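Asker: Per the numbering used here, residue 257 is the first one in the sequence shown, and the count goes up by one each step. We put the CB at the ideal spot given by N, CA and C, even for glycine. Predicted model only: the values in this text are computed from it and were never measured. Questions regarding the structure given below will be posed in turn.
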Amino acid sequence: MRQDTDNPLANARVGIVGLGLMGGSLALALRGRVAHLLGVERQVVTRQLALREGIVDEALEELTAGAPTLDLLVLATPLRVILDTLGRLPALRPGGCAVLDLGSTKRAVVAAMSALPERFAVVGGHPMCGKETAGLAAADGDLYRGQTFVLCRVPRPAPAAAESLALALVDAIGARPLWLDAAEHDRLVAAVSHLPAVVA
257 MRQDTDNPLA NARVGIVGLG LMGGSLALAL RGRVAHLLGV ERQVVTRQLA
307 LREGIVDEAL EELTAGAPTL DLLVLATPLR VILDTLGRLP ALRPGGCAVL
357 DLGSTKRAVV AAMSALPERF AVVGGHPMCG KETAGLAAAD GDLYRGQTFV
407 LCRVPRPAPA AAESLALALV DAIGARPLWL DAAEHDRLVA AVSHLPAVVA
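If you want it as C-alpha coordinates, here you go:
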(Lines of atoms letter the chains of each structure in order from A and count residues from 1; the text may use other names and numbers.)
(Lines give C-alpha, C1' and ligand atoms only; values in the text may rest on other atoms or scores of the structure.)
Protein backbone atom coordinates (compact mmCIF):
# COMPACT_ATOMS: atom_id res chain seq x y z
CA MET A 1 0.00 0.00 0.00
CA ARG A 2 1.49 3.30 -1.08
CA GLN A 3 1.56 5.80 1.77
CA ASP A 4 0.73 9.41 0.90
CA THR A 5 -0.17 11.70 3.76
CA ASP A 6 -1.24 14.46 1.36
CA ASN A 7 -3.75 12.19 -0.36
CA PRO A 8 -7.07 11.81 1.52
CA LEU A 9 -7.68 8.54 -0.34
CA ALA A 10 -4.57 6.85 1.02
CA ASN A 11 -6.17 5.97 4.35
CA ALA A 12 -9.75 5.82 3.10
CA ARG A 13 -12.08 2.85 3.14
CA VAL A 14 -13.92 3.03 -0.19
CA GLY A 15 -17.04 1.15 -1.23
CA ILE A 16 -18.22 0.78 -4.83
CA VAL A 17 -21.83 -0.25 -5.41
CA GLY A 18 -21.98 -1.94 -8.81
CA LEU A 19 -19.02 -3.81 -10.29
CA GLY A 20 -19.90 -3.54 -13.96
CA LEU A 21 -17.77 -1.75 -16.53
CA MET A 22 -17.70 1.61 -14.73
CA GLY A 23 -17.50 0.39 -11.15
CA GLY A 24 -15.09 -2.42 -12.02
CA SER A 25 -12.81 -0.07 -13.95
CA LEU A 26 -12.87 2.33 -11.00
CA ALA A 27 -11.94 -0.49 -8.62
CA LEU A 28 -9.04 -1.51 -10.87
CA ALA A 29 -7.82 2.09 -11.04
CA LEU A 30 -7.99 2.47 -7.26
CA ARG A 31 -6.14 -0.73 -6.35
CA GLY A 32 -3.21 0.09 -4.09
CA ARG A 33 -4.37 3.70 -3.70
CA VAL A 34 -6.87 3.24 -0.87
CA ALA A 35 -6.74 1.53 2.51
CA HIS A 36 -9.58 -0.90 1.79
CA LEU A 37 -11.82 -1.47 -1.23
CA LEU A 38 -15.29 -2.96 -0.77
CA GLY A 39 -17.37 -4.04 -3.75
CA VAL A 40 -21.15 -4.38 -3.57
CA GLU A 41 -22.58 -6.48 -6.39
CA ARG A 42 -25.73 -8.61 -6.69
CA GLN A 43 -24.30 -11.03 -9.28
CA VAL A 44 -22.48 -13.85 -7.49
CA VAL A 45 -20.28 -14.65 -10.51
CA THR A 46 -19.15 -11.02 -10.66
CA ARG A 47 -18.37 -10.97 -6.93
CA GLN A 48 -16.35 -14.15 -7.26
CA LEU A 49 -14.39 -12.74 -10.22
CA ALA A 50 -13.69 -9.49 -8.36
CA LEU A 51 -12.31 -11.38 -5.36
CA ARG A 52 -10.41 -13.97 -7.39
CA GLU A 53 -8.65 -11.30 -9.45
CA GLY A 54 -7.94 -9.12 -6.42
CA ILE A 55 -10.01 -6.27 -7.85
CA VAL A 56 -11.58 -5.63 -4.43
CA ASP A 57 -10.56 -6.60 -0.91
CA GLU A 58 -14.07 -7.60 0.09
CA ALA A 59 -17.35 -8.17 -1.75
CA LEU A 60 -20.94 -8.12 -0.52
CA GLU A 61 -24.20 -8.96 -2.25
CA GLU A 62 -25.87 -5.82 -0.95
CA LEU A 63 -25.20 -2.79 1.17
CA THR A 64 -26.65 -3.16 4.67
CA ALA A 65 -26.48 -1.30 7.95
CA GLY A 66 -24.15 -4.02 9.18
CA ALA A 67 -21.65 -3.56 6.34
CA PRO A 68 -18.19 -2.23 7.24
CA THR A 69 -17.69 1.47 7.93
CA LEU A 70 -16.77 3.45 4.82
CA ASP A 71 -15.22 6.86 4.27
CA LEU A 72 -16.41 7.13 0.66
CA LEU A 73 -19.26 5.33 -1.07
CA VAL A 74 -19.34 5.40 -4.89
CA LEU A 75 -22.64 4.54 -6.59
CA ALA A 76 -21.84 2.98 -9.98
CA THR A 77 -25.21 1.45 -10.84
CA PRO A 78 -27.99 2.43 -13.27
CA LEU A 79 -29.70 5.72 -12.43
CA ARG A 80 -32.85 4.21 -10.94
CA VAL A 81 -30.73 2.10 -8.57
CA ILE A 82 -28.63 5.14 -7.61
CA LEU A 83 -31.78 7.07 -6.70
CA ASP A 84 -33.19 4.13 -4.75
CA THR A 85 -29.92 3.68 -2.85
CA LEU A 86 -29.74 7.39 -2.00
CA GLY A 87 -33.25 7.21 -0.58
CA ARG A 88 -32.25 4.32 1.68
CA LEU A 89 -28.82 5.59 2.73
CA PRO A 90 -29.85 7.04 6.11
CA ALA A 91 -30.86 3.52 7.18
CA LEU A 92 -28.02 1.76 5.35
CA ARG A 93 -25.24 4.05 6.63
CA PRO A 94 -26.40 5.33 10.04
CA GLY A 95 -23.00 6.91 10.69
CA GLY A 96 -22.93 8.72 7.36
CA CYS A 97 -20.05 8.95 4.86
CA ALA A 98 -18.97 10.82 1.77
CA VAL A 99 -20.96 9.84 -1.33
CA LEU A 100 -20.14 10.17 -5.04
CA ASP A 101 -22.20 8.80 -7.92
CA LEU A 102 -21.34 8.00 -11.54
CA GLY A 103 -24.82 8.56 -12.99
CA SER A 104 -25.28 9.94 -16.50
CA THR A 105 -27.85 12.56 -15.48
CA LYS A 106 -27.39 14.83 -12.52
CA ARG A 107 -30.44 16.93 -11.58
CA ALA A 108 -32.40 14.06 -10.05
CA VAL A 109 -29.33 12.70 -8.29
CA VAL A 110 -28.32 16.09 -6.86
CA ALA A 111 -31.90 16.62 -5.65
CA ALA A 112 -31.84 13.24 -3.90
CA MET A 113 -28.44 14.01 -2.40
CA SER A 114 -29.76 17.34 -1.12
CA ALA A 115 -32.39 15.50 0.89
CA LEU A 116 -29.83 13.39 2.78
CA PRO A 117 -29.00 14.22 6.42
CA GLU A 118 -25.97 16.45 6.95
CA ARG A 119 -23.84 13.50 8.09
CA PHE A 120 -23.57 12.63 4.39
CA ALA A 121 -21.02 14.67 2.44
CA VAL A 122 -22.19 14.43 -1.16
CA VAL A 123 -20.91 15.23 -4.65
CA GLY A 124 -22.52 14.30 -7.96
CA GLY A 125 -20.28 12.83 -10.64
CA HIS A 126 -20.32 11.67 -14.26
CA PRO A 127 -17.19 10.32 -15.94
CA MET A 128 -17.42 10.99 -19.67
CA CYS A 129 -16.15 7.67 -20.94
CA GLY A 130 -17.21 4.10 -21.53
CA LYS A 131 -17.03 1.12 -23.87
CA GLU A 132 -19.40 -0.74 -26.14
CA THR A 133 -18.92 -3.83 -23.99
CA ALA A 134 -20.31 -4.03 -20.47
CA GLY A 135 -19.60 -6.01 -17.32
CA LEU A 136 -16.62 -6.58 -15.06
CA ALA A 137 -14.85 -8.73 -17.65
CA ALA A 138 -14.60 -5.61 -19.85
CA ALA A 139 -13.31 -3.40 -17.02
CA ASP A 140 -10.08 -1.50 -17.66
CA GLY A 141 -7.99 0.27 -15.05
CA ASP A 142 -7.09 2.91 -17.65
CA LEU A 143 -10.68 3.58 -18.75
CA TYR A 144 -10.80 6.96 -16.99
CA ARG A 145 -7.27 8.09 -17.80
CA GLY A 146 -7.25 11.39 -19.65
CA GLN A 147 -11.05 11.57 -19.68
CA THR A 148 -13.29 14.38 -18.41
CA PHE A 149 -14.94 13.61 -15.06
CA VAL A 150 -17.82 16.00 -14.37
CA LEU A 151 -18.42 16.91 -10.73
CA CYS A 152 -21.57 18.65 -9.48
CA ARG A 153 -21.81 20.45 -6.16
CA VAL A 154 -24.91 19.85 -4.10
CA PRO A 155 -26.59 23.13 -3.08
CA ARG A 156 -26.21 22.87 0.67
CA PRO A 157 -23.47 23.36 3.25
CA ALA A 158 -21.03 20.47 2.88
CA PRO A 159 -17.74 19.55 4.51
CA ALA A 160 -14.72 20.35 2.36
CA ALA A 161 -13.72 16.70 2.85
CA ALA A 162 -16.35 15.61 0.32
CA GLU A 163 -14.84 17.67 -2.49
CA SER A 164 -11.32 16.74 -1.40
CA LEU A 165 -12.11 13.04 -1.61
CA ALA A 166 -13.86 13.44 -4.96
CA LEU A 167 -10.95 15.39 -6.44
CA ALA A 168 -8.44 12.92 -5.00
CA LEU A 169 -10.34 10.06 -6.61
CA VAL A 170 -10.48 11.80 -9.99
CA ASP A 171 -6.74 12.50 -9.75
CA ALA A 172 -5.95 8.91 -8.71
CA ILE A 173 -7.67 7.44 -11.76
CA GLY A 174 -5.98 9.91 -14.12
CA ALA A 175 -9.13 11.79 -15.13
CA ARG A 176 -9.66 15.55 -15.54
CA PRO A 177 -12.20 17.16 -13.16
CA LEU A 178 -14.76 19.59 -14.53
CA TRP A 179 -17.17 21.32 -12.15
CA LEU A 180 -20.60 21.93 -13.68
CA ASP A 181 -24.02 22.86 -12.38
CA ALA A 182 -26.30 19.80 -12.51
CA ALA A 183 -28.84 21.46 -14.79
CA GLU A 184 -26.10 22.69 -17.13
CA HIS A 185 -24.61 19.20 -17.26
CA ASP A 186 -27.95 17.67 -18.20
CA ARG A 187 -28.60 20.28 -20.90
CA LEU A 188 -25.20 19.64 -22.46
CA VAL A 189 -25.55 15.86 -22.32
CA ALA A 190 -29.01 16.09 -23.86
CA ALA A 191 -27.70 18.28 -26.67
CA VAL A 192 -24.69 16.22 -27.68
CA SER A 193 -23.63 12.62 -27.50
CA HIS A 194 -20.31 13.40 -25.82
CA LEU A 195 -19.78 16.27 -23.41
CA PRO A 196 -15.99 16.49 -24.00
CA ALA A 197 -16.67 17.74 -27.53
CA VAL A 198 -18.47 20.72 -26.02
CA VAL A 199 -16.00 21.52 -23.26
CA ALA A 200 -12.78 20.90 -25.23
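#1: Roughly how many whole angstroms lie between the Cα atoms of LEU282 and LEU444?
#2: Where does ALA395 fall in DSSP's three states?
#3: Looking at THR320 and LEU345, is the spacing between their C-beta atoms short of 8 Å?
#4: Do ALA424 and TYR400 count as a contact pair if the criterion is CB distance below 8 Å?
#5: If we count the other Cβ atoms within 10 Å of its Cβ and call it buried at 16 or more, is GLU297 buried or exposed?
#6: Under the rule that 16 or more other beta-carbon atoms within 10 Å means buried, what is PRO383, buried or exposed?
#7: If GLU336 sits next to ALA439, beta carbons under 8 Å apart, how far is it from one beta carbon to the other, in whole angstroms?
#8: Look up ALA306 in the DSSP assignment and say whether it is helix, strand or coil.
#9: Report the residue from GLN304, LEU328, GLU309 and LEU329 whose alpha carbon sits nearest the alpha carbon of GLU317.
#10: Just to confirm, is the Cβ distance from LEU294 to VAL312 under 8 Å?
#11: Would you check if there are 3 or more beta carbon pairs closer than 8 Å linking the region 404 to 424 to the region 350 to 362?
#12: If I follow the unbroken beta strand (DSSP E) through LEU329, where does it start and stop?
#13: Tell me whether the beta-carbon of THR325 lies closer than 8 Å to the beta-carbon of ARG375.
#14: Just verifying my parser: in three-state terms, what is the DSSP assignment at ARG401?
#15: Going by the CB atoms, is the gap between GLY271 and VAL330 shorter than 8 Å?
#16: Is it buried or exposed for ARG289, if we count other Cβ within 10 angstroms and need 16 for buried?
#17: Mind checking which residues open and close the beta strand (DSSP E) that includes ILE272?
#18: Under 8 Å between the Cβ atoms of PHE405 and GLY386?
Answerer: Walking through what the data contain:
#1: Cα to Cα, the separation comes out at about 24 Å.
#2: Taken through DSSP and simplified to helix, strand or coil, ALA395 comes out as coil.
#3: No, the pair does not count as a contact, with Cβ atoms beyond the cut-off.
#4: Contact flag unset, no.
#5: Flag for GLU297 reads buried.
#6: So PRO383 counts as buried.
#7: In the sequence as displayed, the identity of residue 336 is Arg instead of Glu. The pair is not a contact, with the Cβ atoms about 20 Å apart (cut-off 8 Å).
#8: Reduced to three states, the DSSP call for ALA306 is helix.
#9: Nearest in C-alpha terms to GLU317, of all of GLN304, LEU328, GLU309 and LEU329, is GLN304.
#10: With contacts defined by Cβ atoms closer than 8 Å, LEU294 and VAL312 form a contacting pair.
#11: The region 404 to 424 makes contact with the region 350 to 362: 3 or more CB pairs, one atom from each, lie closer than 8 Å.
#12: Where LEU329 is concerned, the enclosing beta strand (DSSP E) starts and stops at 328 to 331.
#13: The Cβ atoms of THR325 and ARG375 do not sit closer than 8 Å to each other.
#14: ARG401: coil per DSSP, three-state reduction.
#15: Yes, they are a contact pair.
#16: Around the beta carbon of ARG289, a 10 Å sphere encloses 16 or more other beta carbons of the protein chains shown; the residue is thus reported as buried.
#17: Its beta strand (DSSP E) spans residues 269 to 273.
#18: Taking 8 Å as the Cβ cut-off, PHE405 and GLY386 do not qualify as a contacting pair.
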